[in-house]
Amino acid sequence: AQKVTQAQTEISVVEKEDVTLDCVYETRDTTYYLFWYKQPPSGELVFLIRRNSFDEQNEISGRYSWNFQKSTSSFNFTITASQVVDSAVYFCALSEARSSASKIIFGSGTRLSIRP
Amino acid sequence: KAGVTQTPRYLIKTRGQQVTLSCSPISGHRSVSWYQQTPGQGLQFLFEYFSETQRNKGNFPGRFSGRQFSNSRSEMNVSTLELGDSALYLCASSLGSGGSSGNTIYFGEGSWLTVV
Chain R
1 AQKVTQAQTE ISVVEKEDVT LDCVYETRDT TYYLFWYKQP PSGELVFLIR
51 RNSFDEQNEI SGRYSWNFQK STSSFNFTIT ASQVVDSAVY FCALSEARSS
101 ASKIIFGSGT RLSIRP
Chain A
117 KAGVTQTPRY LIKTRGQQVT LSCSPISGHR SVSWYQQTPG QGLQFLFEYF
167 SETQRNKGNF PGRFSGRQFS NSRSEMNVST LELGDSALYL CASSLGSGGS
217 SGNTIYFGEG SWLTVV
């Protein structure tokens with residue numbers, strides 16, 4: 001069965017600290033896609049990144065970086081030099097190739113608070 | 117390029133009533149999916165429509181239904197509302213359907229439904 005686990009319910013750090021959000025997934029498919037979304041208080045889910053199961057290259061986008069490790073079924077997200085605007089709920093998600101691309105299984109989310 | 121647009125943004129309904137929520141996908145996107153977000157259950161997949169056909173359905177009762185029009189716009193309907201239907205309903209769109217495509221799914225700001 002497919003499952004996404006975000007063990008960290010809430011994280012609070014002081015501005016400019018680095019923070020890593022953990023994500024562990026379960027799937028029987030060999031082809032699957034992993035996502036990270038950001039949800040500010042307005043409610044909209046903002047797409048951050050998509051990674052397919054055959055691409056284990058880590059990715060960096062500005063202050064954001066992602067570490068994908070198939071060996072440990074993890075897809076962790078790091079924010080470097082955090083800012084107050086990074087405060088939001090972050091969701092890790094999974095979709096399987098055998099399923100609909102739009103049927104995403106979400107983790108329970110990690111609420112990130114950046115204190116000034 | 118306009119994002120996914122949902123209306124209304126906020127609404128309050130009485131138990132037993134029915135409600136219709138509307139979603140306009142990103143121009144050119146043919147797949148529309150709906151998600152329910154509650155504090156207790158998190159983000160759950162409701163259904164997906166592609167080319168006016170329901171392609172996938174989550175584990176929700178028949179009171180939840182939807183449709184898609186020829187211009188890809190979609191509506192979802194909840195009949196005989198219950199208090200537990202209070203939630204944020206998120207619409208998402210993507211270029212195509214089919215799990216192997218791994219299309220990125222973009223979300224709207226959601227419709228906040230309160231049932232009293």
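First to last, the sequence lines map onto chains R and A. Following my numbering, the numbering of the first sequence begins with 1 at its first residue and continues without gaps. Following my numbering, the numbering of the second sequence begins with 117 at its first residue and continues without gaps. Even for Gly, the Cβ is constructed at its ideal location relative to N, Cα and C.
Around the C-beta of residue 96/R, are 16 or more other C-beta atoms found within 10 angstroms, so that it is buried, or is it exposed? Taking the first sequence and counting its residues from 1, the one referred to as residue 96/R is at position 96. By the 10 Å Cβ count, residue 96/R comes out buried.
Any C-beta of chain R sitting closer than 9 Å to the C-beta of residue 137/A? For the purposes of this step, residue 137/A is identified with residue 21 of the second sequence, where counting begins at 1. Cβ-Cβ to chain R under 9 Å: no for residue 137/A.
Boundaries (first-last residue) of the beta strand (DSSP E) holding residue 211/A: The residue labelled residue 211/A in the question sits at position 95 within the second sequence. That residue, residue 211/A, is in no beta strand (DSSP E); it is neither H nor E in DSSP.
Which ranges would you report for the beta strand (DSSP E) in the segment 5-35 of chain R if only whole runs of at least 3 residues count? 10-14, 19-21, 24-26
State the beta-bridge partners of residue 176/A as determined by DSSP. What you label residue 176/A is simply residue 60 of the second sequence in a count that begins at 1. Answer by DSSP bridge pairing: none, since residue 176/A is not bridged.
Would the segment 108-115 of chain R and the segment 57-69 of chain R be scored as touching if the rule is three or more Cβ pairs under 8 Å? no
For residue 7/R and residue 177/A, I'd like the C-alpha separation in whole angstroms. As a first step, residue 7/R must be located in the first sequence, where it is residue number 7. As a first step, residue 177/A must be located in the second sequence, where it is residue number 61. So the alpha carbons of these two residues sit roughly 29 Å apart.
Who are the near neighbours of residue 198/A in its chain, counting only those whose CB is closer than 7 Å to its CB and skipping five residues on each side? Start at 1 with the first residue of the second sequence, and residue 198/A comes out as number 82. Same-chain partners within the cutoff: 131, 231.
Within 10 angstroms of its Cβ, does residue 233/A collect 16 or more other Cβ (buried), or is it exposed? Because chain A here runs from 117 to 232, residue 233/A falls outside it and cannot be looked at.
Kindly indicate which residue of 49/R, 26/R, 48/R has the alpha-carbon position closest to the one of residue 71/R. Within the first sequence, residue 71/R is the residue found at index 71, counting from 1. Of the listed residues, the one whose Cα sits closest to residue 71/R is 26/R.
Which residues, in chain order, does the segment 162-177 of chain A contribute to contact with chain R at a C-beta distance below 7 Å? 164, 171, 172
Here's a check: name, in chain order, each residue in its chain whose Cβ is nearer than 7 Å to the Cβ of residue 4/R, leaving out the five neighbours to either side. On the first sequence, position 4 is the one that residue 4/R refers to. 23, 25, 92, 93, 94, 105, 106, 107, listed in sequence order.
Which partner residues of residue 51/R appear in the DSSP bridge assignment? Locating residue 51/R in the first sequence gives position 51, where the first residue counts as 1. Paired residues: 34/R.
Can you find the residues in the same chain that come closer than 6 Å, C-beta to C-beta, to residue 1/R, ignoring five residues on each side of it along the sequence? Position 1 of the first sequence holds residue 1/R. Excluding sequence neighbours, residue 1/R sits near nothing in its chain.
Should residue 86/R go down as buried or exposed, given a rule of 16 or more other Cβ atoms within 10 Å for buried? Residue numbering aside, residue 86/R sits at position 86 when the first sequence is read from its first letter. With 16 or more other Cβ atoms within 10 Å, it is buried.
Give me, in chain order, the residues of the same chain whose beta-carbon lies closer than 6 Å to that of residue 204/A; leave out the 5 immediate sequence neighbours on both sides. Numbered from its first residue, the second sequence carries residue 204/A at position 88. Around residue 204/A: 153, 226, 228.
Does DSSP classify residue 72/R as helix, strand or coil? As a first step, residue 72/R must be located in the first sequence, where it is residue number 72. Residue 72/R: helix per DSSP, three-state reduction.
Would residue 220/A count as contacting chain R if we go by Cβ distances under 9 Å? Indexing the second sequence from 1 puts residue 220/A at position 104. Closer than 9 Å: yes.
Does the Cβ of residue 33/R have 16 or more other Cβ atoms within 10 Å, making it buried, or fewer, making it exposed? Stepping through the first sequence from its first residue, residue 33/R is reached at position 33. Buried is the call here.
Give me the Cα-Cα distance between residue 141/A and residue 28/R, rounded to the nearest whole angstrom. For the purposes of this step, residue 141/A is taken as the residue at position 25 of the second sequence. For the purposes of this step, residue 28/R is taken as the residue at position 28 of the first sequence. Rounded to the nearest angstrom, the two C-alpha atoms are 31 Å apart.
Chain-order list of residues whose beta-carbon lies under 6 Å from that of residue 133/A (same chain, five-residue window excluded): Residue 133/A sits at position 17 when you count from the first residue of the second sequence. Around residue 133/A: 197.
Cβ-Cβ separation, residue 166/A to residue 146/A (assumed contact under 8 Å), whole Å: In the second sequence, counting from the first residue as 1, residue 146/A sits at position 30. In the second sequence, counting from the first residue as 1, residue 166/A sits at position 50. Correct: roughly 6 Å between the Cβ atoms.
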